[in-house]
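Structure first, then comments.
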């Protein structure tokens, strides 16, 4: 699945329709293991598991409303969707996209319980699912592990990724050559055409205060990761923006030529002030400017970049290829 959602982004014409938008925050809170939860693997070891999980309420993301969620067999253990089949247009929840595995898989005795519970009063329930002490398929040392949870809130449709204790001594293996965990939220992804049908959100840079990258419909994912392991107690919160400010702002900016070599032209129909930041593939800010019509990018190495426009109300990102 990592190969699906982390492909290099292609610059395609922007498709204009209502798009999902979220306010993102990263906080540090006490991580608590679930108590009284229902086990999904029931003591069985697992690798690329498939589980059917009732939420207990209707949850909405983008155009999708569902009351059952799946840890999908066609992924790598930590990815969920509303559709178990590798077809159609689906939302994707990815607290981590690297290949995880039962920490006791080689022994035949499960050491990594996957469990869930739904709690609270009707109308404001919270669905919680927990991966406890999971290992990494590509960790040759078989010592690295992590703990994490996904929470879905009834009514507000808020999404939280929560991270507990971890031990990462073999990052190049466990993270499969990436700089850290690949964390994302895809509101609507077409598994058959390999394109986004709605906004997608990827985190890069410092795990304590990550860059929140918005990738537009019509593209094919994003190549980037966090830099280092996510600290214990970190919560990534995605809150629906009911005003959908970006439905208008996202079309206010254009960059050309793309690919670009020496200069990047900025076209804006936005009369408000804005800033421009360019980030490399590991989330480092390599150029920053106030409102401008042209940027000199001749000193940037060749590669893929994110150009982020920020107004006092919203942010929008576009992919840039530097020649």
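Residue numbers (our numbering): 919 to 1241.
Ideal Cβ placement from N, Cα and C applies to all residues, glycine included.
All values reported here derive from a predicted model rather than from experimental measurement.
Taking C-beta atoms under 8 Å as the contact rule, residue 1058 and residue 1026 fail to qualify, at a distance of about 20 Å. Annotated three-state conformation of residue 1235 is strand, per DSSP. According to the DSSP secondary-structure assignment, residue 1240 is paired through a beta bridge with 1178 and 1221. Rounded to whole angstroms, the gap between the alpha carbons of residue 992 and residue 1213 is 42 Å. DSSP places residue 1092 in the helix class (H, G or I) of the three-state scheme. In the structure shown, residue 1069 falls within a strand segment according to DSSP collapsed to helix, strand and coil. For residue 976, the uninterrupted beta strand (DSSP E) segment begins and ends at 969 to 979. A direct Cα-Cα distance of roughly 5 Å separates residue 1192 from residue 1228. Exclusion of the five residues before and after residue 1086 leaves 1062, 1092 and 1147 as the residues of its chain whose Cβ lies within less than 7 Å of its Cβ. The three-state reading of DSSP puts residue 1050 in strand, counting E and B together. Comparing alpha carbon positions, the residue from 1180, 1020, 1226 and 1241 closest to residue 1031 is 1020. For residue 1082, the enclosing beta strand (DSSP E) starts and ends at 1077 to 1085. Look at the beta carbons and you see the region 1171 to 1190 not touching the region 1117 to 1124: under three pairs across the two are nearer than 8 Å. Closest by C-alpha distance to residue 1106, out of 1219, 1128, 1203 and 1012, is 1012. Burial is judged here by how many other beta carbons sit within 10 angstroms of a residue's own beta carbon; residue 1067 has at least 16 and is buried. In this structure, the alpha-carbon of residue 1183 lies about 15 Å from that of residue 1235.
A straight-line Cα-Cα distance of about 24 Å links residue 948 and residue 958.
In the three-state reduction of the DSSP assignment, residue 1121 falls in the strand class, which pools E and B. Judged by DSSP secondary structure, residue 1206 falls within the beta strand (DSSP E) whose first and last residues are 1203 to 1208.
With contacts defined as CB atoms closer than 8 Å, residue 952 and residue 1010 fail to qualify as a contacting pair. A distance below 6 Å between beta-carbons, with the five flanking residues on each side excluded, links residue 971 to the following residues of its chain, in chain order: 987 and 1034. With a cutoff of 8 Å on beta-carbon distance, residue 1143 and residue 1185 are scored as not near each other. Ranked by Cα distance from residue 1138, the options 1155, 1156, 1149 and 1112 are led by 1112. Within the region 981 to 1019, the beta strand (DSSP E) runs of at least 3 residues that lie entirely inside it are, in chain order, 982 to 989 and 1007 to 1012. CA-CA distance, residue 1220 to residue 1207, rounds to 20 Å. Looking at the DSSP output, residue 1108 shares a beta bridge with 1007 and 1113.
Residue 1101 has 1121 as its beta-bridge partners, per DSSP. Taking a cut-off of 8 Å on C-beta distances, the region 1067 to 1081 touches the region 1037 to 1051, as three or more cross pairs fall below it.
Under DSSP, residue 1213 takes part in a beta bridge, and its partners are 1182. Per DSSP, the continuous beta strand (DSSP E) segment holding residue 1033 begins and ends at 1032 to 1037.
Looking at 1145, 1230 and 937, the one whose alpha-carbon comes closest to that of residue 1101 is 1145. With a cutoff of 8 Å on beta-carbon distance, residue 946 and residue 1151 are scored as near each other. Nearest to residue 1159 by C-alpha distance, out of 961, 1197 and 978, is 978. Residue 1055 holds the alpha-carbon nearest to the alpha-carbon of residue 994 among 1055, 984, 1170 and 1239.
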